[in-house]
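**Student:**
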Amino acid sequence: MTNEELKSKIESDFKDKILSVVLSGQKEVLVTVKPEAYIALCRDLKTKPDYDFQHLSCLTAVDYPKENKITVVCHLWSYKKCHQLTVKLDVDRANPKAPTVEPIWKAANWFEREVFDLYGVVFEGHPDLRRIMMPEDYAKFPLRKDFTDDGFIIKPN
Amino acid sequence: MTDLLLSQIKPGGESPFGTDEYVVNMGPQHPATHGVLRLVVKLDGETVKETMPVLGYLHRSIEKICENRTYPQCITYTDRVDYVSAMSVNLAFALATERLMGLEAPPRAQWLRMIFVELQRLASHLLWMGAFAGDIGALTPFLYGLRERERILDLFEMTCGQRLTYNYIRIGGVMIDILPEFIPKCKAFLDYFEPRIVEYEELLTYNPIFLERTKGVGVISAEVGINSGVCGPSLRGSGVSCDVRKQQPYLFYDQVKFTECLQNDGDCWARYRVRMDELRESISIVRQCLERLEPGPIETKLPPILKAPPASEIYSRIESSRGEMGIYLVGDGTAKPYKAKYRCASFSNTFVLDQLTRGWKVADIMAVLGSLDMIVPEVDR
C-alpha cells in the first residue's frame, strides 16, 4: 500500500476515531486521534490484517507550551506490509494524562517510562511507571521547553 | 548436628529453614555489562527470578543538547550516541535531516557512505564477537577480533583522521573524499579478512563449550520479539525478516545484491550465527560499492544556514550495526531542531533482558546480555 492509499483507507475506516489524517511534506501519513479512541484505534491498527502494524518502532512526545499541549507520538511499522504510520495524541500540558498502549505493544513499556520521566506525561494503567533515566527523587521534566536547572545553561551560538 | 538438620529436609520438598530471595547487584561497574549498566537480579539459589535493568548512569540528555544546537552541530553529538558504530548514527542523523529539508547527497557520496557504514558494521560485529565470547569465558576471539578491527580503523583514520568518533558523514554528503590509495588498501583488507571469518568460526561456532553456553539459552520467539520491540540481528535470530536495508531501502541498498541473514532458533547461538553471516554479507556489499564508485562531487551545495521548513517532521530509519535506528526530527522553521529523538536498537533490546533470563542460571545472564549486543550510551543517550 502506498502512503496515499494508506491515508485514504484510514480516512474512510476510522472516520469516527480520528481528528485528522494528513500526508506530510515528507510523504509520511500522520494521524491525530481523538483522545477517547486512542486505545481502540491502536488495537485496530495492530490487529486488522490490512494494517498489520505489529511493530511499535518508537514512542515519544513533543512539548508545545504555546498551544498548551504535549503531543504523544507513536511511530508504527508493519514488517509484512512495509508501511509506516505516525499516530499522534494531544494531551493537556497542565495535567498530562494518556492511556497506556503497553497491553497492545509490550515495547511501549520503556518508551512510556521515558516519556513520563522526561515530559511528565502520566500513562494510566502502565504496570511500572517509574523514572528511567533521571534519579528517582528528581522533580523536574528535562525535555519540557521551559525546563531550567542550575547546571543547564543555553549558550548563544 | 548436621545430620539432624539434613534429615529434616525432605527430598523434593521445601526446606524447613525457609529460603529467602537473594538480590544481587551487577554493576554499574561490572566488566561484563559493557559500560555502566546496572542489573538488579533476584535469585532463588542460582536461578534467576527477575532481572531489573537500572538505566541512566550514562544519560547525557543528547536529545536536549540537540534542541539547542544547529543541525550540522548535532552531527558531532551523534558520534557519542553509539561510539562503537559511530558511522551509522552519523548516517542516521544526516539522512533524517536531508529528508526533512528535501536535500539529496550526490551518488559518489552515497556510495562512500555505504562503504563506510558497512566497514563500520564489520568493526562493530568484530568487537561484539570478541566481547561476547569473552563474557562467556573464551578470551582468544577478543584478540582476534580486535586485530582485524584495527585494520578497519586504520582505513577510517586514513580517510577522516579519527579512529572512534568520526563525524565523517555530514548533511549533504561526506566530509572529505577518499585518498587514491584507499581503494587498493580496502580491497587488500577485504581479501585478507574473508578467510579470517573461517578462523573465528573454527574457534567458536561448533566449540562444545560455546554450544553448551549458548544453544537453547535465552530463547525468544518471533511473536514475543516483535511485540517487545526487539530489532536488528537479535530479531533476525528468531527468523523475522526485519532488515531496514531491505524493507525501506535507503542510499543505494536496492542496487546491491545481498541476502538478509536469518536463523530460526531464537537462542543466543542463532543471534551469534546471524552476526557472523552478516560479516560475509557486508564484505560483499563493500566490494560491490567499490566497483560502482565513480568520480564526482562528494557533497551538495547547502544554503549558508540550514533551516527546516516550519511545522515539518520526519521519522527516518536505518539499519545500524545493532538494529533499527530511528531519528525523529521536528522542524519549526529555525536552524535548530525543535525536537530530536533517537530511537536506538539497544534500548528496546535491553528491555527483553528480563523476559529472556527468567528461570535461567545467573551465569546465563552474561550470555544473553552479550548476545543482544547492547551498548550503554545508546540505551541511556
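Chains as they are written, first to last, in the numbering used here: chain A, 94 to 250; chain H, 45 to 425.
Using N, Cα and C, we set each Cβ at its ideal position, and we do this for glycine too.
1. Can you pull the chain A residues whose beta carbon is under 9 Å from the beta carbon of V80 (chain H), in chain order?
2. Which same chain residues end up closer than 8 Å to E89 (chain A) when comparing Cβ atoms and leaving out the 5 residues on each side of it in sequence?
3. Do you know offhand how far L83 (chain H)'s Cα is from D424 (chain H)'s?
4. Rounded to whole angstroms, what's the CA-CA distance from M45 (chain H) to A411 (chain H)? Just pull it up for me.
5. Shortest alpha-carbon distance to G178 (chain H) belongs to which of H:G283, H:P341, H:H78 and H:P224?
6. By Cβ distance, which residues of its chain are closer than 7 Å to F302 (chain H), with the 5 residues on each side in sequence left out?
7. Can you tell me the Cβ-Cβ gap for V208 (chain A) and V184 (chain A), rounded? I've got them flagged as a contact below 8 Å.
8. Would you tell me roughly how many angstroms separate the C-alpha atoms of L182 (chain A) and S364 (chain H), rounded to the nearest one?
9. Taking all protein chains shown into account, do 16 or more other C-beta atoms lie within 10 angstroms of the C-beta of I246 (chain A), making it buried, or fewer, making it exposed?
10. According to DSSP, is S150 (chain A) part of a helix, a strand, or is it coil?
11. Using a C-beta cutoff of 8 Å, does V318 (chain H) count as contacting chain A?
12. Please state whether DSSP places T179 (chain A) in a helix, a strand or coil.
13. In this structure, does DSSP put L144 (chain H) in helix, strand or coil?
14. Restricting to Cα atoms, I'd like to know which of H:P348, H:R289 and H:P421 is closest to G367 (chain H).
15. Between which two residues does the alpha helix (DSSP H) harbouring S105 (chain A) extend?
16. Taking only beta-carbon positions, decide if K108 (chain H) is within less than 8 Å of chain A.
17. For chain H, check one thing: does any of its Cβ atoms lie closer than 8 Å to the Cβ of Y212 (chain A)?
18. Quick check: A352 (chain H) and G377 (chain H), are their CB atoms within less than 8 Å of each other?
19. For a cutoff of 8 Å on Cβ pairs, would you count S117 (chain A) as touching chain H?
20. Name the chain A residues that come within less than 7 Å of I220 (chain H), Cβ to Cβ?
21. Between which residues of its own chain and C275 (chain H) is the CB-CB distance below 8 Å, once the five residues before and five after are set aside?
22. Considering only their Cβ atoms, is the gap separating D417 (chain H) from I342 (chain H) smaller than 8 Å?
23. Are there three or more Cβ pairs, one per stretch, closer than 8 Å when the segment 126-144 of chain H is compared with the segment 201-210 of chain H?
24. For D156 (chain A) versus R237 (chain A), is the C-beta distance shorter than 8 Å?
25. With 8 Å as the threshold, decide whether the Cβ of P421 (chain H) is near any Cβ in chain A.
26. Let me know the secondary structure DSSP gives K190 (chain A) once reduced to three states.
27. Considering E363 (chain H), what are the terminal residues of the beta strand (DSSP E) in which it resides?
28. Identify the continuous beta strand (DSSP E) that holds V80 (chain H) and give its terminal residues.
29. Anything in chain A within Cβ reach of C286 (chain H), meaning under 7 Å, just list it in chain order.
30. Kindly list the residues whose CB is nearer than 7 Å to the CB of D239 (chain A), restricted to its own chain and excluding five residues on each side of it in sequence; keep chain order.
31. Can you list, in chain order, the residues of its chain whose CB lies under 7 Å from that of A154 (chain A), leaving out five sequence neighbours each side?
32. By the DSSP assignment, the alpha helix (DSSP H) with M173 (chain H) in it spans what residues?
33. Output needed in chain order: residues of the segment 342-355 of chain H with a Cβ under 8 Å from some Cβ in chain B.
34. Leaving out the 5 sequence neighbours to the left and right, which residues in its chain are closer than 8 Å to E111 (chain H) when beta-carbon positions are compared?
35. Taking 8 Å as the CB-CB cut-off, is D123 (chain H) touching chain A?
36. Take E90 (chain H) and list the residues in its own chain whose beta-carbon comes closer than 6 Å to its own, dropping the five residues that flank it on each side.
**Tutor:** Taking the geometry as given:
1. Going along chain A, no residue has its Cβ under 9 Å from V80 (chain H), so there is no contact; the nearest lies around 13 Å.
2. Absent from the model: residue 89 (chain A). The displayed extent of chain A is 94 to 250, so no value can be given.
3. L83 (chain H) and D424 (chain H): Cα-Cα distance of roughly 14 Å.
4. A caution first: M45 (chain H) carries a pLDDT of 49, below 50, which makes its placement in the model too unreliable to give a value.
5. H:H78
6. E325, S328 and I329
7. That pair is no contact at about 10 Å.
8. Spanning the two alpha carbons is a distance of roughly 29 Å.
9. exposed
10. strand
11. no
12. strand
13. helix
14. H:R289
15. N96 to D106
16. yes
17. Taking 8 Å as the CB threshold, Y212 (chain A) stays off the interface with chain H.
18. yes
19. yes
20. Those within 7 Å of I220 (chain H) in chain A number zero; the least Cβ separation is about 24 Å.
21. When the five nearest sequence neighbours on each side are left out, the beta carbons in the same chain lying within less than 8 Å of the beta carbon of C275 (chain H) are those of C286, G367, E368, A389, S392 and N393, in order along the chain.
22. Their beta carbons are not under 8 Å apart, which means I342 (chain H) does not touch D417 (chain H) by this criterion.
23. Touching, yes, given that three or more Cβ pairs across the two stretches are closer than 8 Å.
24. yes
25. no
26. strand
27. S356 to S364
28. Membership of V80 (chain H) in any beta strand (DSSP E) is not indicated, and neither H nor E is assigned to it by DSSP.
29. Y172
30. P158
31. I163, T164, V165, V166, V208, Y212 and V214
32. P151 to D179
33. In the displayed structure, chain B is absent; the protein chains listed are A and H.
34. K380, P381, Y382, K383 and A384
35. Chain A contact via Cβ: absent.
36. K405 and V406
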